[in-house]
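Under this note's numbering, think of the first position of the sequence shown as 366, with each following residue one higher.
Cβ coordinates follow ideal geometry from the N, Cα and C atoms, glycine included.
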Amino acid sequence: MLKEKAKPCTGLSEKVLNEMYSDGYSPKSVDHHVRPIYNRLARYCEEHFEGMYSVDAGEAFIRMIQRKNQSKEQTDLNRNSIERLNHALDGDFHWRPAKSKLKPYAASCYDAVVTRYEAYLIQTGKTITNTRRHIHLIADFLSHMESAGITSLPMVKAEHIHERFAAANDKAGFRKAVKMFFRYACKYGLVKNDNSRWIPTVPRHRPIPSVYTKDEIERILDSIDRTTSLGKRNYCMILIAARLGIRSCDIAGLKLEDIRHREGLIRIMQQKTDISVEYPILDEIAEALKDYLDNAMPDSDLPYVFLVQPRPAASALSTQGIYAVVSGAIARAGIDMSSRRHIYALRSSLASHLLADGKTYPEIQQVLGHASPDAARHYIRVEAERLRECAIEVPVFPNELIAYFQERR
């Protein structure tokens with residue numbers, strides 16, 4: 366590859382993005398992950414390379430962004446995006462990063478069982494990544510059983526499971542994987558009894574979800590300057606999060622077609638749960654949406670509602686971008702956000718406020734879009750006043766009992 370080759374950065378990157386669509390990449394991968402990198406690269410090339418992209422420009426860009434602390438995932442994404450452009454300079458618009466070599470499962474006399482169980486998990490709809498993580502735990506467990514002289518599943522006893530459980534670093538992961546495996550083994554006749562009942566429980570600490578008061582949420586909204594295009598977008602976005610409790614990933618993925626103005630609804634398929642949910646377009650949300658769509662939304666062919674301002678081209682706002690917008694609004698409102706800095710707190714706040722207003726768990730479940738009523742409980746912080754209503758009167762100690770304890774001291 367010749368380092369002297371150079372092409373206009375914006376045109377080259379746009380062609381690469383279009384070819385990624387043709388190669389079957391999802392809109393989320395292209396618009397939310399790669400496009401923002403290319404937009405930033407285009408600005409960098411305008412400043413330092415007269416708008417032209419070359420291998421040297423790509424290397425300089427990577428050196429520049431490496432100065433910031435980034436996750437390995439983001440670093441790999443940056444490098445792959447640049448490598449894709451380097452290949453495009455030579456006319457190869459279909460380059461794909463090489464897949465990392467998969468770590469083999471631990472071998473044992475149970476290999477045939479492990480293979481069948483892996484196929485079973487994939488048939489149940491589990492992702493490949495989830496399945497492989499699960500199978501690694503099971504293969505490792507069964508390999509240790511063989512090392513201990515346990516060469517058939519009916520020979521596995523409670524003490525063997527307890528021993529491996531005690532040695533596991535991720536006890537919750539071990540419990541989940543081995544419990545599922547033994548239920549499968551019992552269901553399909555590999556063992557007579559369900560050995561999953563022998564697996565010890567793992568204590569789980571569920572922190573009280575962080576919430577904002579109604580007054581704090583109004584202060585956050587009031588802190589946004591709605592006279593600017595950016596302010597109109599940010600106000601609309603935070604208002605939707607605060608009033609409807611929509612997750613940040615679903616706000617980032619919200620499309621124009623999801624907004625049903627005539628029906629007065631926002632209809633989305635939740636990314637986390639794959640559940641279709643409808644939200645009412647409240648009057649204040651309708652007003653904010655109209656103001657943003659009519660007066661502030663950048664011109665773009667992208668289907669998404671919330672876009673990054675064109676620099677040089679508009680792109681879909683990422684989940685991380687939404688996090689930054691919300692954090693900035695909270696800081697400007699002068700609200701302590703030491704433990705409540707994320708947009709997730711707006712979702713928890715909505716659930717807590719609904720509970721305080723007398724809504725039931727099933728009603729809150731429907732608003733949050735959960736499949737299980739119990740899932741909503743994790744988001745809800747019961748107000749102190751409601752807890753006081755449940756308090757039991759402290760009994761009066763008999764004098765004889767008081768005297769007994771005093772003598773024992």
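Exercise for the section: Could you name the residues of the same chain whose beta carbon sits closer than 7 Å to that of S561, not counting the 5 residues immediately before and after it, in chain order? Expected result: K544, F547 and R548
Problem - The alpha helix (DSSP H) enclosing M385, as first and last residue numbers - result: C374 to S387
Problem - Close Cβ partners of L630 (< 6 Å) along its chain, the five nearest in sequence each way excluded - result: E643
Exercise for the section: With hydrogens ignored, establish whether the beta-carbon of K541 is closer than 7 Å to any heavy atom of the ligand NAP. Expected result: Among the components of this structure there are no ligands whatsoever, and the ligand NAP is therefore not found.
Exercise for the section: May I have a chain-ordered list of the alpha helix (DSSP H) segments no shorter than 4 residues that lie completely inside the region 393–472? Expected result: 400–413, 420–430 and 437–454
Problem - Separation of S446 from R428, as counted between CA atoms - result: 14 Å
Handout entry: Contact set for Y482: own chain, Cβ-Cβ below 8 Å, skip 5 residues either direction
Key = I500, I503, F546 and Y549
Exercise for the section: For G554, count neighbouring C-beta atoms within 10 Å of its own C-beta (all shown protein chains included) and say buried if the count is 16 or more, exposed if not. Expected result: exposed
Problem - Three-state secondary structure assigned by DSSP to M602 - result: helix
Handout entry: Coarse secondary structure for V567, derived from DSSP in three states
Key = coil
Handout entry: For R746, the three-state DSSP class (helix, strand or coil)
Key = Bear in mind that the predicted position of R746 carries a pLDDT of just 49, short of 50, making it unreliable; the figure below should be weighed with that in mind. The answer is coil: DSSP assigns R746 none of H, G, I, E or B.
Exercise for the section: Can you grab the Cα-Cα spacing for the pair K552 / A523, in whole Å? Expected result: 19 Å
Practice task
For the beta strand (DSSP E) containing L630, list its first residue and its last residue.
Solution key: L630 to M634
Handout entry: Residue interval of the beta strand (DSSP E) (run including E643)
Key = S641 to P645
Exercise for the section: Hey, could you find the ends of the alpha helix (DSSP H) S561 is sitting in? Expected result: That residue, S561, is in no alpha helix (DSSP H); it is neither H nor E in DSSP.
Exercise for the section: Inspect the CB distances between the region 594–609 and the region 659–666 and report whether three or more fall short of 8 Å. Expected result: yes
Exercise for the section: Assess, as a yes-or-no matter, whether the region 377–393 is touched by the region 644–658 under the definition of 3 or more beta carbon pairs within less than 8 Å. Expected result: no
Exercise for the section: Ignore the nearest five residues each way along the sequence and tell me which others in Y485's own chain have a CB closer than 7 Å to its CB. Expected result: Y549
Practice task
Note down the Cα distance separating V691 from D476, rounded to an integer number of angstroms.
Solution key: 50 Å
Problem - As assigned by DSSP and simplified to three states, the class of V673 - result: strand
Handout entry: Those residues which DSSP pairs with I624 across a bridge
Key = I631
Exercise for the section: For M634, collect the residues of the same chain with a Cβ closer than 6 Å to its Cβ; drop the 5 residues on either side in sequence, then sort them by chain order. Expected result: S641
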